[in-house]
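S.K.: The numbering of the sequence shown is our numbering, which starts it at 7 and goes up by one.
From the three backbone atoms N, C-alpha and C, an ideal C-beta is built for every residue, glycine too.
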Amino acid sequence: MRIIDLRSDTVTRPGKEMLEAMFSAPVGDDVFQEDPTVNELEQYVAELFGMEAAIYASSGTQTNQIAINVHVQPGDEVITHVDSHVYKYEGGGIAKNSGASVRLLDGNRGRLRLDDIQKWINNPEDVHLPLTRLVSLEDTANRGGGAIYDFEEIKKISSFCREHSLPLHLDGARLMNAMVENGVDLKVYASQFDSISLCLSKGLGAPVGSVLIGKKDFIKKARRVRKVFGGGMRQAGIIAAGGLYALKNNVERLKVDHEHAKALEGALNECAWVKEVIPVETNIVVAVLKDEENRDRIIAKFTEKGIKTIAFGPGMIRMVTHLDVSVEDIDYTIAVIRSVS
Ligand SMILES: *Cc1c(COP(=O)(O)O)cnc(C)c1O
7 MRIIDLRSDT
17 VTRPGKEMLE
27 AMFSAPVGDD
37 VFQEDPTVNE
47 LEQYVAELFG
57 MEAAIYASSG
67 TQTNQIAINV
77 HVQPGDEVIT
87 HVDSHVYKYE
97 GGGIAKNSGA
107 SVRLLDGNRG
117 RLRLDDIQKW
127 INNPEDVHLP
137 LTRLVSLEDT
147 ANRGGGAIYD
157 FEEIKKISSF
167 CREHSLPLHL
177 DGARLMNAMV
187 ENGVDLKVYA
197 SQFDSISLCL
207 SKGLGAPVGS
217 VLIGKKDFIK
227 KARRVRKVFG
237 GGMRQAGIIA
247 AGGLYALKNN
257 VERLKVDHEH
267 AKALEGALNE
277 CAWVKEVIPV
287 ETNIVVAVLK
297 DEENRDRIIA
307 KFTEKGIKTI
317 AFGPGMIRMV
327 THLDVSVEDI
337 DYTIAVIRSV
347 S
């Protein structure tokens, strides 16, 4: 039976050409910064974003947690969205790794608004209050159904943060999905942030790894923290080569995933059992069911037909399109969506 895995865009496998690039990559010991492929990847990413430096790490959780650890001291406060990955899906890492507290804000589909951030900057003269030391955004917002930030809002948040000497971090796990749609220049976009985490193993299709981007002195500190977190890898060029290949070959094609996601949205919107689909902006499709109780039964029906989907909270099912989902897979999935009741 054909299996179509729509649980996440992390499930992609390296294709022949990517594997060849990995197989033939020159390698060295990256803890000594002597892996030519890791060095090339870090330099490539830094230049792509017009930032000073970058560091390769094993996962997006690791790059986010390293960034937070460099930006804050124990007891400081991080402002982020209540549904953000850095808070919700990193095992309590902000508290555990950095001893920091969080101020969780609401916001439309995972996106913070300047007005809300402004209200929650603690007065540093008041000894009762933790020092607000970081704002962390997510673009695209996973729990927001792959929502893209309005760049005008980012610019406002960024200039406010700079006025208050408040670092601004971006969890850009799916940043490239946003960038192929929002029409903003990568360097102009990146210049708004003090640090950016970019996943290579989501829609870009590399098997392992994320990159953290920032100023030279920030990345120097990040290198120390990566080691402390047990993230110093040796001949990591083997996997970094997959990331480099992904960035050079798989960015523009993300638009195909977005078209596929739109097609799924259309089919789901016609289903009697679907209350609404969170409007699709990128590669994430979230269907909200009329009857919460139906969720696991419907997921099981898809599984019977070889389509893997994932529960996304009460009464919600998520499907994510990616590199290993073909147009034929989408047509088949749409047929199954129509047959499920
Ligand atoms: C996937 C993801 C990450 C990183 O996850 P890892 O599994 O650690 O690579 C970070 N932020 C968001 C929004 C994500 O979707």
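Any heavy atom of ligand 1 closer than 7 Å to the Cβ of N148?
M.R.: For the purposes of this step, residue 148 is identified with residue 142 of the sequence shown, where counting begins at 1. Yes - ligand 1 has a heavy atom lying nearer than 7 Å to the Cβ of N148.
S.K.: Count the other CB atoms within 10 Å of the CB of D36; is the residue buried (16 or more) or exposed (fewer)?
M.R.: Sequence index remark: in the sequence shown, residue 36 carries index 30 (1-based). Looking at its Cβ environment, which holds 16 or more other Cβ atoms inside 10 Å, D36 is buried.
S.K.: Leaving out five residues on either side along the sequence, give the residues of the same chain with a beta carbon under 6 Å from the beta carbon of C205.
M.R.: By 1-based counting over the sequence shown, the position of residue 205 is 199. Contacts found: G66, A179 and S216.
S.K.: Bridge partners of M322, per DSSP?
M.R.: For the purposes of this step, residue 322 is taken as residue 316 along the sequence shown, with counting starting at 1. V294.
S.K.: Taking 7 Å as the cut-off, does the CB of T315 come closer than this to any heavy atom belonging to ligand 1?
M.R.: By one-based count along the sequence shown, residue 315 stands at place 309. Checking every heavy atom of ligand 1 against the Cβ of T315, none is found closer than 7 Å.
S.K.: Would you call the stretch 82-95 and the stretch 135-147 touching, i.e. three or more CB-CB distances under 8 Å?
M.R.: A contact exists between the stretch 82-95 and the stretch 135-147.
S.K.: Can you check whether the C-beta of A247 is within less than 8 Å of a C-beta belonging to chain D?
M.R.: Looking for chain D here will not work: only one protein chain is present.
S.K.: For E48, which option in N300, L250 and N256 has the closest C-alpha, if you only look at C-alpha atoms?
M.R.: Sequence index remark: in the sequence shown, residue 48 carries index 42 (1-based). Comparing Cα positions, the closest option is L250.
S.K.: Does ligand 1 have even one heavy atom less than 7 Å from the beta-carbon of E144?
M.R.: Here the question's residue 144 lines up with position 138 in the sequence shown. Yes.
S.K.: On the CB-based measure, 16 or more other CB atoms within 10 Å of its CB, does E310 come out buried or exposed?
M.R.: Taking the sequence shown and counting its residues from 1, the one referred to as residue 310 is at position 304. Burial call: exposed.
S.K.: On the criterion of 16 or more Cβ atoms from any shown chain inside 10 Å, does G209 qualify as buried, or is it exposed?
M.R.: Start at 1 with the first residue of the sequence shown, and residue 209 comes out as number 203. With 16 or more Cβ atoms within 10 Å of its Cβ, G209 is classed as buried.
S.K.: Can you list, in chain order, the residues of its chain whose CB lies under 7 Å from that of V44, leaving out five sequence neighbours each side?
M.R.: The sequence position of residue 44 within the sequence shown is 38, counting from 1. Hits under 7 Å: D36, Y62, A242, G243 and A246.
S.K.: Taking 7 Å as the cut-off, is the beta-carbon of K208 closer than that to any non-hydrogen atom of ligand 1?
M.R.: Here residue 208 refers to the residue found at position 202 of the sequence shown. Flag set: Cβ of K208 near ligand 1.
S.K.: Rounded to whole angstroms, what is the Cα-Cα separation between G56 and N183?
M.R.: Position 50 of the sequence shown, counted from the first residue, corresponds to residue 56. Position 177 of the sequence shown, counted from the first residue, corresponds to residue 183. Each residue's alpha carbon lies about 19 Å from the other.
S.K.: Is the CB-CB distance between G321 and L295 below 8 Å?
M.R.: Sequence index remark: in the sequence shown, residue 321 carries index 315 (1-based). Sequence index remark: in the sequence shown, residue 295 carries index 289 (1-based). It is a contact, given that the beta carbons lie within the stated cut-off.
S.K.: Who does V108 pair with in a DSSP beta bridge?
M.R.: As a working note, residue 108 is residue 102 in the sequence shown. Answer is V84.
S.K.: In the structure shown, what three-state DSSP assignment does H1 receive?
M.R.: In the structure displayed, the chain extends from 7 to 347; residue 1 sits before or after that span and is not available.
S.K.: I'd like to confirm the pairing. Which residues does DSSP put opposite K314 in its beta bridges?
M.R.: Here residue 314 refers to the residue found at position 308 when the sequence shown is read from its first residue. Beta-bridge pairing links K314 to D11.
S.K.: Please go through the same chain and pick out, in chain order, the residues whose beta-carbon is closer than 6 Å to the beta-carbon of A252, but skip the five residues on each side of it.
M.R.: For the purposes of this step, residue 252 is identified with residue 246 of the sequence shown, where counting begins at 1. Counting only Cβ-Cβ distances below 6 Å, and skipping sequence neighbours, we find L206, L210, G211 and A212.
S.K.: Measuring alpha carbon to alpha carbon, tell me which residue in R19, L192 and P130 is nearest F157.
M.R.: As a position in the sequence shown, residue 157 is number 151, starting the count at 1. Closest option to F157, Cα to Cα, is L192.
S.K.: I need the DSSP call for Y338, collapsed to helix, strand or coil.
M.R.: For this step, residue 338 is matched to residue 332 along the sequence shown. In this structure, Y338 counts as helix in the three-state DSSP scheme.
S.K.: Verify whether the separation of the beta carbon atoms of G220 and A31 is less than 8 Å.
M.R.: Looking up residue 220 in the sequence shown gives position 214. Looking up residue 31 in the sequence shown gives position 25. Contact flag unset, no.
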